[in-house]
Ligand SMILES: *Cc1c(COP(=O)(O)O)cnc(C)c1O
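Numbering (my numbering), first residue to last: 906 to 1238.
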């Protein structure tokens, strides 16, 4: 199979730009930092889930689905973009939204992504912490089936092999941009959560036979667990291409030093990274994913792991809509 053989609908604004962050690079006095703008994919304020949804929606349509069902955190960007894609293709959408950290801030509960989910017409089921989301997802799907509907279940973050195809495609897009612009990069950095983005990217780079060391900055799990998850999805994704490709140890690397207290809780380094990039570049990161990944990149530069003379790519996976839910992390009034 080739990437173009897989069913896909097209709505994302692609290719996303690849551009230098000159003032940030100068301020850190280290490598040239470039950003791959997947925050600009166009669907309901953009983000990485648009690429995954191009393949997931095509599969849902092929299966005659009439309702998408997916779980996520209350401030899930995946839930928001799934609701938007459903609206665009005339499908219903039901979201299982978990308050995993028992947040009480009304901004968190109702603004940002939660506001947009409702605007896109999704039905939202708000849940407390400690819910078995996978079990609830399968029960919900069964309930819709019994009611005579055709539900299409999307796992958390859209991270299965079909969703990961979006990032296989991104890898091909990036490699051709890099070649066109006659650039080389020492490394690419991204936030990694449900694993589909990193797995697809790594699989795509392998398929393109392009060497670009990839580092996933964790947003919740330990690096070891994350690497296991990413590796397994990368292998499953490569398997559907029927190509005999070996995965080395160094192909799947994650770092969990910048997670802070846990998923959805920004660390002080997250807040610093968001402020720095906003003030120096006019670019918005987010408190759950890209802010943590950028905090890791900044620390690697300060520690001299990435240095002058090198060029580093940062995959901006989006998420800035959540800033409106996290006002209290920046201002106390
Ligand atoms: C979902 C998400 C990620 C993580 O991607 P995964 O495929 O879940 O690992 C990173 N950044 C943002 C903004 C996201 O919404």
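All C-beta atoms, glycine included, are put in the ideal place defined by N, C-alpha and C. Here the structure is a predicted model, which means the values were calculated and not measured.
Per the DSSP calculation, residue i is bridged to which residue(s)?
i: residue 1056; result: 972
i: residue 1221; result: 942
i: residue 1092; result: 1217
i: residue 935; result: Answer is none; residue 935 lacks a bridge partner.
i: residue 1105; result: DSSP lists no partner for residue 1105.
i: residue 1097; result: 1123
i: residue 1165; result: According to DSSP, which records beta bridges pairwise, residue 1165 is partnered with nothing at all.
Between which two residues does the alpha helix (DSSP H) holding residue i run?
i: residue 926; result: Neither: residue 926 is in no alpha helix (DSSP H) and is coded neither H nor E.
i: residue 1069; result: 1066 to 1085
i: residue 1254; result: Any question about residue 1254 goes unanswered here, given that the chain covers just 906 to 1238.
i: residue 1226; result: No alpha helix (DSSP H) contains residue 1226, which DSSP labels as neither H nor E.
i: residue 1049; result: 1038 to 1051
i: residue 916; result: Careful: residue 916 lies outside any alpha helix (DSSP H) and carries neither H nor E.
i: residue 1237; result: Note, residue 1237: premise wrong, no alpha helix (DSSP H); not H, not E.
First and last residue of the beta strand (DSSP E) that includes residue i?
i: residue 1119; result: 1119 to 1123
i: residue 1031; result: 1028 to 1032
i: residue 1158; result: 1158 to 1160
Checklist entry - Given 8 Å as the limit, is there contact between the segment 1015 to 1034 and the segment 991 to 1001, that is, 3 or more CB pairs closer than that? => result yes
Checklist entry - Can you find at least 3 beta carbon pairs, one from the segment 1070 to 1080 and one from the segment 1093 to 1113, that sit closer than 8 Å? => result yes
Checklist entry - Is the segment 915 to 931 in contact with the segment 1168 to 1177, if contact means three or more CB pairs nearer than 8 Å? => result no
Checklist entry - Unbroken alpha helix (DSSP H) runs of length 4 or more, entirely within the segment 1170 to 1205: which are they? => result 1173 to 1186
Item to check | Uninterrupted alpha helix (DSSP H) stretches inside the segment 950 to 1024 (no shorter than 4 residues) | outcome: 954 to 967, 982 to 993, 1011 to 1015, 1018 to 1024
Checklist entry - Does the pairing of the segment 958 to 976 with the segment 1111 to 1126 give three or more beta-carbon distances under 8 Å? => result no
Item to check | Inter-stretch contact (C-beta, 8 Å, three-pair minimum) for the segment 967 to 974 and the segment 1213 to 1230 | outcome: no
Checklist entry - Does the segment 1195 to 1211 come close enough to the segment 977 to 988 to have 3 or more Cβ pairs within less than 8 Å? => result no
Item to check | Segment contact flag, the segment 1059 to 1075 with the segment 1134 to 1142, C-beta cutoff 8 Å, min 3 pairs | outcome: yes
Checklist entry - With contact counted as at least three CB pairs below 8 Å, one residue from each stretch, are the segment 1152 to 1165 and the segment 1128 to 1136 in contact? => result yes
Next on the checklist: Below 8 Å, how does it come out for the segment 1173 to 1192 and the segment 910 to 922: are there three or more Cβ pairs, yes or no?
Outcome noted: no
Next on the checklist: Counting beta carbon pairs with one atom in the segment 938 to 947 and one in the segment 1202 to 1219, are three or more of them shorter than 8 Å?
Outcome noted: yes
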